[in-house]
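If you're matching positions, the sequence shown starts at 174 in the working numbering and goes up one per residue. Have a look at the structure below, then the notes.
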Amino acid sequence: SRSQVLHMYKPVDKAAVVLQFGEYETACGFAGEGGPRRRIRTVLRLQDGSIIPWRASLGRGLPEPKRLDEAVELMVRDVYFAHLHVSPGARKVVLCEDLLCPQPLREALVRV
């Protein structure tokens, strides 16, 4: 019947993006895949070109939250657009983080 045919073509949810930010590298890919699609160097860079160290003395010496958010947003945009080729709002996100990651960086990742 017509309702059965329409049910067969129901859109399927897209696989969630999986992001794992580490001190030296960031792994990114999609849920359900055997491993990361890409591994890239973790660099927090501001628009003015300055670089924020990932550890930054375990939370000391980090810039104010607004600048930290800017750096994290630039990195996440790079992962989505340059490496995964997907829109940030189109899929759910699974965020894996280093347990020793400084709290301000964790909070910035969640805000972005």
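No residue lacks a Cβ here, since even glycine has one placed at the ideal position from N, Cα and C. Everything numeric in this text was worked out from a predicted model, so none of it was measured.
Asked                                                                                                                                                                                   : Found
Would you check if the distance between the CB atom of residue 281 and the CB atom of residue 241 is smaller than 8 Å?                                                                  : yes
Considering only residues of the region 212–282, which uninterrupted beta strand (DSSP E) runs meet the minimum length of 3 residues and lie entirely inside it, listed in chain order? : 266–270
Whole-angstrom Cβ separation of residue 271 and residue 198, contact assumed at under 8 Å?                                                                                              : Residue 271 to residue 198, Cβ: 11 Å. No contact.
Could you pull the DSSP bridge partners for residue 198 from this structure?                                                                                                            : 214
Sort out for me which residues DSSP pairs residue 190 with in a bridge.                                                                                                                 : 203, 266
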